[in-house]
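**Q** Below is one structure. I have some questions about it.
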């Protein structure tokens, strides 16, 4: 899972108990066995809490608290034993912040940081207190980021996307106001220059105010005015041009799309900017239609302003054009000047009809970014879902939106938002509609499982896989569609290592697939579809669901599918599931298989072409062999000379190989078997016989995956080196991220 390994290697091993607890194990809470290593997530360092970074259009909009503290540790603490105490203090501070956030404390990082410092200082002893205070002061001074701190809960998707949208909006507003203010200033200069040449500018009163009170008795301003007024007025602006420039200035200074800039003068505080964040598609589309005339007026004003500034406006040529200028004249570049519309929909709170409107809005090309937050993937088991809920169908909306070729589509769970924030930012700046489908993990019928853990499980169990469709990435599906953000994307199911202790206190380790059934077992609504069994009732005919599904075992009446679960006492169970659960898991597997094909993994069309090419090659080889055999039969034989084997020269010991900093490598001997890298790409990263990772094939994945693994590694032993593919997107940003690990 993102930021957490599901391998159960903690000292607290599972215990097999041959007797049912309390006589009825089903009365006790059952959870996937792979959850046993995760009790209180506050004691673990992972992607949450998140810091919503305050900036104006930067390359990142959020950072995990762990990432913030790690960066600070690298920056301010001495390396080696000298910095051990300082590092421990900062990690303790991080833990205090986690506890505050988990307890419901809200606020910016700077505020929580000071509260956590106060808690840490309470526990400081007298001898080291002065050093502790100095270290904390230094760390606070070097802390470069700030922003609201959020946990993973039911509010996370909206908070994250609204913050990301505001980040993009702030950057766009800055560029927009800079351009508009420039036009306003230049047009104002034209008017000022014309005024200076006018009779009014040469009146005695204006001349007197220009000189000031000090020398007003030394000049005859009436005489000076008569002399100046007698000058030529032939270069004054025409009345039509003056009116045109003033009208353009009025439009530019009063625009409400981003709000007036500093050049708008007194109108800065008079004009209230439009809002672009809505909770239903109808309101967003109505707002767009209502504002369309103002958009047309603004683009017309910008076009006229640019012509006037260059003195290229020709009334005979341009007046007829701008008289018939309407919305049909707006180009994609014109529309890109304005903010996009963000619509936030949520399962259980938004009307189910909104999903239809969302797809209609996206298909129409309307410049909208739609968030569909799903809290409940499985939906109510009853045939009729509630009208106020999207039900299980909301999880399929993103897949449906893939049919809109010009829409950016991104699906993921809350657990992956920090790691995949670049995908979100790309969708928000994409010049077209975008759909973001996010599972929060906050399912009301799942108790005792944190939203983060449930969200991560939804992705790993293929129940809610991550995928991206980016129309701007290239001309074909191979470049546009990507499922590489899923762990072990080449496999049907994600496989983990499960370790437990049997009744003889012997450690047993085997692999276990995390399937859709494991996810469904967490939901109390589906309890009637599974029965946990203790060891005394285990049979040889029991088959793990992960092994059951790939084959056709329906005819094998004696085979029984099960998943590994643990009860509330930590005892391991084989939980047998019924046909409904198996059918649901099979549909989930089929959907995942379809996504794999779209993503180019074991594509059936490519496989057929490969089989045909292989068959043609084998036939050609057979024909060539037959031709050679025929030639051999007709060729007279001769004595074959015997080759003399010369002794091989003694091998020279090679110099020890040095690893270039340009090459990706792992300090294998320091590997802690945390599974972070292998979950990202198990072809690139492989374990040796000692269960320590090494890079088996650096070309089996992308440079981005190499860096993601380096950032996820808990002991920082992965060194990404230099990129091997010069054509990989966003290399400049990736190389910058890799610097701290090389």
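In the working numbering, the protein residues as written are 138 to 879.
A virtual CB, placed ideally from N, CA and C, is assigned to each residue, including glycine.
For residue 219, report the span of its alpha helix (DSSP H) as first-last.
**A** Numbered from its first residue, the chain shown carries residue 219 at position 82. Where residue 219 is concerned, there is no enclosing alpha helix (DSSP H), given that its DSSP letter is neither H nor E.
**Q** Comparing alpha-carbon positions, which option in 610, 677, 376, 711 lies nearest residue 111?
**A** Not covered by the structure: residue 111. The range shown for the chain is 138 to 879.
**Q** I want to know whether the region 588-597 touches the region 544-554 - three or more CB-CB distances under 8 Å.
**A** Verdict: yes, contact present.
**Q** Using the Cα positions of residue 767 and residue 750, report the straight-line distance between them to the nearest angstrom.
**A** Within the chain shown, residue 767 is the residue found at index 630, counting from 1. Within the chain shown, residue 750 is the residue found at index 613, counting from 1. Taking the straight line from one Cα to the other gives about 26 Å.
**Q** Let's test the definition: count the other Cβ atoms within 10 Å of the Cβ of residue 666 and tell me whether it reaches 16, buried, or not, exposed.
**A** Sequence index remark: in the chain shown, residue 666 carries index 529 (1-based). Buried, by the Cβ-count rule.
**Q** Please look up how many angstroms separate the CB atoms of residue 294 and residue 514, rounded, as I've assumed it's under 8 Å.
**A** Here residue 294 refers to the residue found at position 157 when the chain shown is read from its first residue. Here residue 514 refers to the residue found at position 377 when the chain shown is read from its first residue. The pair is not a contact, with the Cβ atoms about 14 Å apart (cut-off 8 Å).
**Q** Closest by CA to residue 813, which one among 801, 852, 223, 802?
**A** Your numbering for residue 813 matches position 676 in the chain shown. Nearest of 801, 852, 223, 802 to residue 813, Cα basis: 852.
**Q** Whose C-alpha, out of 408, 379, 382, is nearest the C-alpha of residue 391?
**A** Sequence index remark: in the chain shown, residue 391 carries index 254 (1-based). That would be 408, whose Cα lies nearest to the Cα of residue 391.
**Q** Using a threshold of 7 Å, state whether the C-beta atoms of residue 620 and residue 626 are closer than that.
**A** The residue you call residue 620 lines up with position 483 of the chain shown. The residue you call residue 626 lines up with position 489 of the chain shown. Result yes, Cβ atoms of residue 620 and residue 626 sit closer than 7 Å.
**Q** Beta carbon of residue 820, beta carbon of residue 837: below 7 Å?
**A** Counting from 1 along the chain shown, the entry for residue 820 is found at position 683. Counting from 1 along the chain shown, the entry for residue 837 is found at position 700. Cβ atoms of residue 820 and residue 837: closer than 7 Å.
**Q** Measure the C-alpha to C-alpha separation of residue 822 and residue 833 and round it to an integer number of angstroms.
**A** As a working mapping, residue 822 is identified with position 685 in the chain shown. As a working mapping, residue 833 is identified with position 696 in the chain shown. If I take the Cα positions, the gap works out to 6 Å.
**Q** How many angstroms separate the CA atom of residue 395 from the CA atom of residue 313?
**A** The count along the chain shown starts at 1 and reaches residue 395 at position 258. The count along the chain shown starts at 1 and reaches residue 313 at position 176. For residue 395 and residue 313, the distance between alpha carbons rounds to 8 Å.
**Q** Once you ignore the five residues that flank residue 257 on each side, which residues in its own chain have a CB closer than 8 Å to its CB?
**A** By one-based count along the chain shown, residue 257 stands at place 120. Only 226, 229, 230, 233, 269, 273 meet the Cβ criterion.
**Q** Give the DSSP-derived three-state secondary structure of residue 418 in the structure shown.
**A** Counted from its first residue, the chain shown places residue 418 at position 281. In the structure shown, residue 418 sits in a helix (DSSP, three-state: H, G or I).
**Q** Could you pull out every residue in the same chain whose Cβ sits closer than 8 Å to the Cβ of residue 156, ignoring the five residues on either side in sequence?
**A** Taking the chain shown and counting its residues from 1, the one referred to as residue 156 is at position 19. Because residue 156 sits at a pLDDT of 43, beneath the cut-off of 50, its placement in the model cannot be relied upon, and the following sentence gives the value as read from the coordinates. Closer than 8 Å at the Cβ level, and outside the excluded window around residue 156, lie 671, 673.
**Q** Which same chain residues, not among the five before or five after residue 719, have their C-beta less than 8 Å away from its C-beta?
**A** Counting from one through the chain shown, the residue named residue 719 turns up at place 582. Excluding residues within five positions, the ones whose Cβ falls inside 8 Å are 654, 682, 685, 686, 698.
**Q** Using the DSSP secondary-structure output, state which residues sit across from residue 824 in a beta bridge.
**A** Indexing the chain shown from 1 puts residue 824 at position 687. Per DSSP, 830.
**Q** With burial defined as no fewer than 16 other Cβ atoms inside 10 Å of the residue's Cβ, what is the status of residue 704: buried or exposed?
**A** Locating residue 704 in the chain shown gives position 567, counting from the first residue. Under this definition residue 704 is a buried residue.
**Q** Using the C-alpha atoms, what's the distance from residue 661 back to residue 713?
**A** In the chain shown, the residue the question calls residue 713 occupies position 576. In the chain shown, the residue the question calls residue 661 occupies position 524. Rounded to whole angstroms, residue 713 to residue 661 spans 16 Å at the Cα level.
**Q** Could you tell me which residues DSSP puts in a beta bridge with residue 506?
**A** Position 369 of the chain shown, counted from the start, is the residue given in the question as residue 506. Looking at the DSSP assignment, residue 506 forms a beta bridge with 479, 571.
**Q** Let me know the secondary structure DSSP gives residue 679 once reduced to three states.
**A** The residue labelled residue 679 in the question sits at position 542 within the chain shown. Correct three-state label for residue 679: strand.
**Q** Just mark residue 864 as buried or exposed, buried being the case when its beta carbon has 16 or more other beta carbons within 10 Å.
**A** Counting from 1 along the chain shown, the entry for residue 864 is found at position 727. The residue is exposed, with fewer than 16 neighbouring Cβ atoms inside 10 Å.
**Q** One question on the structure: do residue 546 and residue 565 come within less than 7 Å of each other, judged by their Cβ atoms?
**A** For the purposes of this step, residue 546 is identified with residue 409 of the chain shown, where counting begins at 1. For the purposes of this step, residue 565 is identified with residue 428 of the chain shown, where counting begins at 1. It is not a contact, given that the beta carbons lie outside the stated cut-off.
**Q** Distance check for residue 187 and residue 237, CA to CA, integer angstroms please.
**A** For the purposes of this step, residue 237 is taken as the residue at position 100 of the chain shown. For the purposes of this step, residue 187 is taken as the residue at position 50 of the chain shown. For residue 237 and residue 187, the distance between alpha carbons rounds to 13 Å.
**Q** How should residue 648 be labelled, buried or exposed, when 16 other C-beta atoms within 10 angstroms of its C-beta is the threshold for buried?
**A** Translated into the one-based positions of the chain shown, residue 648 becomes position 511. By the 10 Å Cβ count, residue 648 comes out exposed.
**Q** Does the distance from the CB of residue 601 to the CB of residue 595 come in under 7 Å?
**A** Taking the chain shown and counting its residues from 1, the one referred to as residue 601 is at position 464. Taking the chain shown and counting its residues from 1, the one referred to as residue 595 is at position 458. Their beta carbons are under 7 Å apart, which means residue 601 touches residue 595 by this criterion.
**Q** Within the region 742-769, note down every full beta strand (DSSP E) run reaching 3 residues or more, in order along the chain.
**A** Complete beta strand (DSSP E) runs here, min 3: none at all.
**Q** Within a Cβ cutoff of 8 Å, which residues of the same chain sit near residue 537, ignoring the five residues on either side of it in sequence?
**A** As a working mapping, residue 537 is identified with position 400 in the chain shown. Excluding sequence neighbours, residue 537 sits near 496.
**Q** Suppose you measure from the CA of residue 700 to the CA of residue 610; what does that come to, to the nearest Å?
**A** Translated into the one-based positions of the chain shown, residue 700 becomes position 563. Translated into the one-based positions of the chain shown, residue 610 becomes position 473. The alpha-carbon atoms of residue 700 and residue 610 are separated by roughly 40 Å.
**Q** Which parts of the region 541-568 are runs of the beta strand (DSSP E), unbroken and 3 residues or longer, counting only runs that do not cross its ends?
**A** Whole beta strand (DSSP E) segments, 3+ residues: 545-550.
**Q** Kindly list the residues whose CB is nearer than 8 Å to the CB of residue 434, restricted to its own chain and excluding five residues on each side of it in sequence; keep chain order.
**A** Counting from 1 along the chain shown, the entry for residue 434 is found at position 297. Hits under 8 Å: 388.
**Q** By how many angstroms is the C-alpha of residue 412 removed from the C-alpha of residue 731?
**A** Within the chain shown, residue 731 is the residue found at index 594, counting from 1. Within the chain shown, residue 412 is the residue found at index 275, counting from 1. If you take the alpha carbons of residue 731 and residue 412, they lie about 39 Å apart.
**Q** Expressed to the nearest angstrom, what Euclidean distance is found between the alpha-carbon atoms of residue 877 and residue 868?
**A** The residue labelled residue 877 in the question sits at position 740 within the chain shown. The residue labelled residue 868 in the question sits at position 731 within the chain shown. Computed Cα separation, rounded: 15 Å.
**Q** Is it buried or exposed for residue 843, if we count other Cβ within 10 angstroms and need 16 for buried?
**A** Locating residue 843 in the chain shown gives position 706, counting from the first residue. Flag for residue 843 reads buried.
**Q** Using a threshold of 7 Å, state whether the C-beta atoms of residue 835 and residue 801 are closer than that.
**A** Taking the first residue of the chain shown as position 1, residue 835 is located at position 698. Taking the first residue of the chain shown as position 1, residue 801 is located at position 664. In this structure, residue 801 lies closer than 7 Å to residue 835 by Cβ.
**Q** Just confirm the distance between the C-beta atoms of residue 733 and residue 197, as a whole number of angstroms; I'd bet it's less than 8 Å.
**A** Position 596 of the chain shown, counting from 1, holds the residue named residue 733. Position 60 of the chain shown, counting from 1, holds the residue named residue 197. No, residue 733 and residue 197 are not in contact; Cβ-Cβ is about 30 Å, not under 8 Å.
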